[in-house]
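Here is the structure we will look at, set down as structure tokens.
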Amino acid sequence: DSGVTQTPKHLITATGQRVTLRCSPRSGDLSVYWYQQSLDQGLQFLIQYYNGEERAKGNILERFSAQQFPDLHSELNLSSLELGDSALYFCASSDSVDVNTEAFFGQGTRLTVV
Amino acid sequence: QKEVEQDPGPLSVPEGAIVSLNCTYSNSAFQYFMWYRQYSRKGPELLMYTYSSGNKEDGRFTAQVDKSSKYISLFIRDSQPSDSATYLCAMDNQGGKLIFGQGTELSVKP
């Protein structure tokens, strides 16, 4: 158990809908990262938050947004969902702000858009 | 061209074999190199990381980085069926985000 908790584990929704994925980082970790894993693209960095502030951004679509709350949990919001958004979404946490040598990953949320 | 290239396999070896997994990269700014293991339907877990060039050993696992060739390797000695998983290389240029390879699927047969 990595100590990173993601909910829900599975999500099935229709195209055009909006969903929220939740992540609780390991105790004491201030950085939260979101990644998307699909068969064709592999594991892709989406966005990083550090202590409530957006720190780094990857190839995150405009339809996607995230935030980190004062209790350090994070949510990833996906809207106007398309079939191609079906993927595994991972959250990771670490105690580092810049150098990510020890990120701990959650078990992921499997999103299926039908 | 992707920043990090990794042969997706699959790679099948008999138990006890030495396994060699490799990645190449194009961004010379990468300084931290990591190997993650991912079991089916699970999140990636960190195996080991190396800073800059050189070797690092941890039990049956050895990581090598050759920055001059932009090439990293993970060796698994005395491979076990429990090593069957997907192995992902990852790199960090101090920007906080990890750039992952596609992952190599490894199967160790008893």
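Residue numbers (our numbering), protein chains in the order written: chain Y, 1 to 114; chain R, 1001 to 1110.
C-beta: ideal position from N, C-alpha, C; glycine also.
Proximity test, Cβ basis, 8 Å: residue i and chain R
i: residue 48 of chain Y; result: yes
i: residue 77 of chain Y; result: no
i: residue 102 of chain Y; result: yes
i: residue 107 of chain Y; result: yes
i: residue 45 of chain Y; result: yes
i: residue 38 of chain Y; result: no
i: residue 28 of chain Y; result: no
i: residue 2 of chain Y; result: yes
i: residue 90 of chain Y; result: yes
i: residue 16 of chain Y; result: no
CB-CB length for residue i against residue j, believed under 8 Å
i: residue 1036 of chain R; j: residue 1070 of chain R; result: Between residue 1070 of chain R and residue 1036 of chain R the Cβ distance is about 19 Å, and since that is not below 8 Å, they are no contact.
i: residue 1092 of chain R; j: residue 1030 of chain R; result: 7 Å
i: residue 4 of chain Y; j: residue 26 of chain Y; result: 6 Å
i: residue 1061 of chain R; j: residue 42 of chain Y; result: Not really, about 22 Å apart at Cβ, beyond 8 Å.
i: residue 44 of chain Y; j: residue 106 of chain Y; result: That pair is no contact at about 16 Å.
i: residue 15 of chain Y; j: residue 113 of chain Y; result: 6 Å
8 Å Cβ cutoff met for residue i and residue j
i: residue 1006 of chain R; j: residue 1080 of chain R; result: no
i: residue 1107 of chain R; j: residue 1073 of chain R; result: no
i: residue 59 of chain Y; j: residue 1098 of chain R; result: no
i: residue 1105 of chain R; j: residue 1008 of chain R; result: yes
Proximity test, Cβ basis, 8 Å: residue i and chain Y
i: residue 1109 of chain R; result: no
i: residue 1001 of chain R; result: no
i: residue 1044 of chain R; result: yes
i: residue 1039 of chain R; result: no
i: residue 1103 of chain R; result: yes
i: residue 1007 of chain R; result: no
i: residue 1074 of chain R; result: no
Inter-residue spacing [alpha-carbon to alpha-carbon] between residue i and residue j
i: residue 50 of chain Y; j: residue 97 of chain Y; result: 6 Å
i: residue 83 of chain Y; j: residue 103 of chain Y; result: 29 Å
i: residue 53 of chain Y; j: residue 1063 of chain R; result: 34 Å
i: residue 92 of chain Y; j: residue 1066 of chain R; result: 27 Å
i: residue 1012 of chain R; j: residue 70 of chain Y; result: 47 Å
i: residue 38 of chain Y; j: residue 87 of chain Y; result: 5 Å
i: residue 1033 of chain R; j: residue 1056 of chain R; result: 11 Å
i: residue 17 of chain Y; j: residue 65 of chain Y; result: 14 Å
i: residue 1088 of chain R; j: residue 1022 of chain R; result: 9 Å
i: residue 1076 of chain R; j: residue 1019 of chain R; result: 5 Å
i: residue 79 of chain Y; j: residue 11 of chain Y; result: 14 Å
i: residue 57 of chain Y; j: residue 1058 of chain R; result: 33 Å
i: residue 29 of chain Y; j: residue 90 of chain Y; result: 16 Å
Exposure label - residue i; buried when at least 16 CB within 10 Å
i: residue 1 of chain Y; result: exposed
i: residue 36 of chain Y; result: buried
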